[in-house]
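Just so you know, we're using UniProt numbering here: the sequence shown kicks off at 1 and counts up by one. Note that CB positions come from ideal geometry on N, CA and C, so glycine has one too.
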Amino acid sequence: MVTIKDVAAKAGVNPSTVSRVLKDNASISSKTKERVKKAMEELGYVPNVAAQMLASGLTQNIGVIFPPLVLPDRLSEPFFMEILSTLTNEAKEHGFTVSIAISMSSEELLEQVKLMHLQKRVDGFIVLYSDQKDPIREYLLKYKLPFVVGAANGYENEITYIDNDNQLMGKSAIDYLYKKGHKSIQFVTDDLNSEVSEERYLGYFKGARKLGLNQKPALLFDRGNPQVLEEFINRVKEEETTALIVIGDTVSVRVMQFLSFYKLKVPDDISIMTFNNSLFSHLIHPYLSTFDINVNNLGRTSVRRLIDIIKSPDKVFSETIIVPFTLEERESVRDISKNNN
1 MVTIKDVAAK AGVNPSTVSR VLKDNASISS KTKERVKKAM EELGYVPNVA AQMLASGLTQ
61 NIGVIFPPLV LPDRLSEPFF MEILSTLTNE AKEHGFTVSI AISMSSEELL EQVKLMHLQK
121 RVDGFIVLYS DQKDPIREYL LKYKLPFVVG AANGYENEIT YIDNDNQLMG KSAIDYLYKK
181 GHKSIQFVTD DLNSEVSEER YLGYFKGARK LGLNQKPALL FDRGNPQVLE EFINRVKEEE
241 TTALIVIGDT VSVRVMQFLS FYKLKVPDDI SIMTFNNSLF SHLIHPYLST FDINVNNLGR
301 TSVRRLIDII KSPDKVFSET IIVPFTLEER ESVRDISKNN N
């Protein structure tokens, strides 16, 4: 049976260094960590997880909380699978594993989170959404559990938020469309309770006011509600809309499909600007002009910050970490500036 001493001898370090590498101690250089991990792999060394848990009091497991599936299309956004892959890989780099909490409602999801907490199955949580008056977030705060929110800033104290500047993204979207000659611009969302949606809409609203454009109420798109769809198409037509800012790539694809039933073609008849730069944005024609939210950076930062919080139980963390975004110009926005001259 391979021991820590065997790994230390092969890596040319002290056994205590191997132990610190297993605990992902920040005092050990990346180069030394790589050498020790390579020695472990070559020798087939498997750490005694039970012993590590007894020594450290940690499970080395992170709970990832997906949003409640009250909206049927919520998890169809590739964002969730993309960020889960990044979270899993980054956690592995730090010696952690990942467990998922997912359910149809907030109530059921809360029960899962309670079990993970009370049965001591995880050391902390990464919340992949930010809804108004969220009972999950309230529970995590009440029991002072280590967690980060990988979504919009909800303005509570004692929480670490990791996200893009969604207000700036919303403003950047309307600025971009305005430069392309668009003046009748609507903001489209499928979720009026999402804080991400609220922040992006607020950016759109402020941007419209600054540009001297009409600040229109958010336009709800729900493909399962005929009344909402009728109101949607009526507003688009009655207000002679030339461009839509849509909350995400998946919703954009469905909006494009819906508009086609009314013989409205993107971008010839109406332009679409969206967010996330997911797989869907370049799988259909026209390719979607979108903002890349840098999912890999969001995921890596979330894991690293959560581990910092887990390892500093006496410290209160209250911060917002902003991950930069970039514009990806493609085919879904038509330049009509020359038509306005």
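Pairing TYR129 with LEU110, the inter-Cα distance amounts to about 14 angstroms. Out of PRO67, GLY150, PHE96, the CA that lies nearest to the CA of SER103 is found in PRO67. Of the other Cβ atoms in all chains shown, 16 or more fall within 10 Å of the Cβ of GLU199; this residue is therefore buried. Counting every other CB atom within 10 Å of its CB across the protein chains shown gives GLN132 a total below 16, marking it as exposed. CA-CA distance, ILE100 to THR250, rounds to 23 angstroms. Taking a contact to require three or more Cβ pairs closer than 8 angstroms, the stretch 142 to 151 and the stretch 206 to 221 do not qualify as touching.
As computed with DSSP, SER99 is found in a beta bridge with GLY63. Residue nearest to GLU158 within the set GLY150, THR326, PHE205, LEU141 is LEU141 (criterion: CA-CA distance). Note that the C-beta distance between VAL228 and LEU244 is not below 9 angstroms. Residue pairing from DSSP places ASN276 in a beta bridge opposite ASP292. Annotation for PHE80: the continuous alpha helix (DSSP H) segment containing it runs 78 to 93. Distances from the CA of ARG330 to each of ARG300, LYS311, ILE272, GLU231 were compared; the closest alpha carbon is that of ILE272. In the DSSP secondary-structure assignment, PHE258 is not bridged to any residue. For GLY207, there is no enclosing beta strand (DSSP E); the enclosing alpha helix (DSSP H) has its first and last residue at 195 to 211.
In this structure, GLY57 sits away from VAL98, with a CB-CB distance that is not shorter than 9 angstroms. When the five nearest sequence neighbours on each side are left out, the beta carbons in the same chain lying within less than 8 angstroms of the beta carbon of GLU42 are those of LYS10, in order along the chain. Residue environment for ASN339: exposed (fewer than 16 other C-beta atoms within 10 angstroms of its C-beta). Residue pairing of GLY224 in beta bridges, as defined by DSSP: absent, with no partner found. Burial state of PHE261 is exposed, judged by a 10 Å Cβ sphere holding fewer than 16 other Cβ atoms. When Cβ pairs closer than 8 angstroms are counted between the two stretches, the stretch 219 to 234 is seen to touch the stretch 189 to 196, the count reaching three or more. The C-alpha of GLN60 lies about 23 angstroms from the C-alpha of MET1. TYR45 sits in coil when the DSSP states are folded into three classes, being neither helix nor strand.
In this structure, LYS183 lies near LEU213, with their beta-carbon atoms less than 9 angstroms apart.
Beyond the five residues adjoining it in sequence on each side, GLN215 comes within less than 7 angstroms, by CB distance, of PHE205, ALA208, ARG209 in the same chain, given in chain order. Its Cα nearest to that of SER278, the residue PHE79 stands out among ILE4, TYR45, PHE79. If you check the CB distance, ILE126 and GLY150 come in under 9 angstroms.
Assigned with DSSP and collapsed to three states, THR160 falls in strand. Non-local beta-carbon contacts of ILE309 in its own chain, meaning distances under 6 angstroms to residues more than five positions away in sequence, involve PRO146, PHE317 in chain order.
Just so you know, the alpha carbons of PHE232 and VAL246 end up roughly 13 angstroms apart. In the DSSP secondary-structure assignment, VAL122 is not bridged to any residue.
By the neighbour-count criterion, in which 16 or more other beta carbons inside 10 Å mark a residue as buried, GLY44 falls on the exposed side. Measuring C-alpha to C-alpha distances from SER197 to each of LYS179, MET169, LEU177, TYR178 identifies MET169 as the nearest. For THR17, the enclosing alpha helix (DSSP H) stretches over residues 15 to 22. DSSP, reduced to helix, strand and coil, places SER184 outside both helices and strands of the structure shown, so it counts as coil.
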